[in-house]
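A.B. asks: So the sequence lines, in the order shown, correspond to chains A and B. With the numbering used here, the residue at position 118 of the first sequence is 118, and numbering never jumps. With the numbering used here, the residue at position 106 of the second sequence is 106, and numbering never jumps. Note that the Cβ used here is the ideal one computed from N, Cα and C, for glycine as well.
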Amino acid sequence: QVQLVQSGAEVKKPGSSVRVSCKASGDSFSRFVISWVRQVPGQGLEWMGGIIPMFGTTNYAQKFKGRVTIDADDSTNTVYLDVRSLIFEDTAIYYCARSYNWAENWFDPWGQGTLVTVSS
Amino acid sequence: DIVLTQSPGTLSLSPGERATLSCRASQSVASSSVSWYQQRPGQAPRLLIYRASTRATGIPDRFSGSGSGTDFTLTINRLEPEDFAVYFCQQYGSSPLTFGHGTKVEI
């Protein structure tokens, strides 16, 4: 049974960048899709994009293309999310989650979430 | 993008009652590619249903999903105290993947 453990909370200034990590343990990792989903506190969920670590193939929501990078380190079973040019509206909880492939893209399990606060 | 509209926004019920949650898509969702999640306060979402009607591992059979095309439903029979939470639907039939804004089931 795979478990996803994310890095800790971050406080960043507008215009800066943040890198959030998601480490998988307990099951094969690299052949599945690992996606990032964010949630503004008290609001809905927004899919940002995902990666298949084995191949390095990525798929991004159009909204985030050019400002977000998802990459993976297969040797450490870790996926990373980089968000650049942060704005106040990027304040959210960022979750990583696993799915089987791009077609069967339901999410199970999820990481515990990482709160990113953008504040001046 | 496919917009998912969930209704009602809030459902006020008592333990033992049935909850019926709706998720309507702005266009037909391919291959019934809809999933449902439960989120309790301070926790990550938890998968309940995928492929519109298949229960995830370990999910009690009081949870059931149905629907196709643009209309999907999550039914919770005999509400237990731990079922009071927010429920989200998600479509993965086309990119970008999108979620509904959630239905809160409260006592």
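Pull out every residue of the region 81-96 of chain B whose Cβ sits closer than 8 Å to any Cβ of chain A, in chain order.
C.D. replies: Cβ contacts with chain A come from F88, Q90, Y92, S95 and P96.
A.B. asks: Below 8 Å, can you find three or more Cβ-Cβ pairs linking the region 3-15 of chain A to the region 53-63 of chain A?
C.D. replies: Judged by Cβ distances under 8 Å, the region 3-15 of chain A makes no contact with the region 53-63 of chain A, as fewer than three pairs qualify.
A.B. asks: By a C-beta neighbour count over all protein chains shown, 10 Å radius and 16 as the cutoff for buried, is N101(A) buried or exposed?
C.D. replies: Burial call: exposed.
A.B. asks: Just to check my reading of the structure: I34(A) and R98(A) have Cβ atoms closer than 8 Å, yes? What is that Cβ distance to the nearest angstrom?
C.D. replies: Their Cβ separation, rounded to whole angstroms, is 6 Å, which keeps I34(A) and R98(A) in contact under 8 Å.
A.B. asks: Keeping to the same chain, check which residues put their C-beta closer than 6 Å to that of T78(A); ignore five residues upstream and five downstream.
C.D. replies: Excluding residues within five positions, the ones whose Cβ falls inside 6 Å are S21 and K23.
A.B. asks: Excluding the 5 residues preceding and the 5 following I2(B) in the sequence, name in chain order all residues of the same chain whose CB lies nearer than 7 Å to its CB.
C.D. replies: Result list for I2(B): A25, S26, Q27, V29, Q91, S94 and T98, in chain order.
A.B. asks: Apart from the five residues on each side of it in sequence, which residues of its chain come closer than 6 Å, Cβ to Cβ, to Y50(B)?
C.D. replies: The answer, listed in chain order, is S35.
A.B. asks: By alpha-carbon positions, which one of D71(B), I76(B), P96(B) and G58(B) ends up nearest to R18(B)?
C.D. replies: Among D71(B), I76(B), P96(B) and G58(B), the Cα nearest to that of R18(B) is on I76(B).
A.B. asks: Which residues, in chain order, does the region 88-116 of chain A contribute to contact with chain B at a C-beta distance below 7 Å?
C.D. replies: Listed by position, the residues of the region 88-116 of chain A near chain B (Cβ gap below 7 Å) are Y95, N105, W106, F107, D108, W110, G111, Q112 and G113.
A.B. asks: Is the region 108-115 of chain A touching the region 80-99 of chain A, taking contact as three or more C-beta pairs under 8 Å?
C.D. replies: Yes, the region 108-115 of chain A is in contact with the region 80-99 of chain A.
A.B. asks: Closer than 8 Å, Cβ to Cβ, to anything on chain B: give me those residues from the region 48-80 of chain A, in chain order.
C.D. replies: The residues in question are N59, A61, Q62 and K63.
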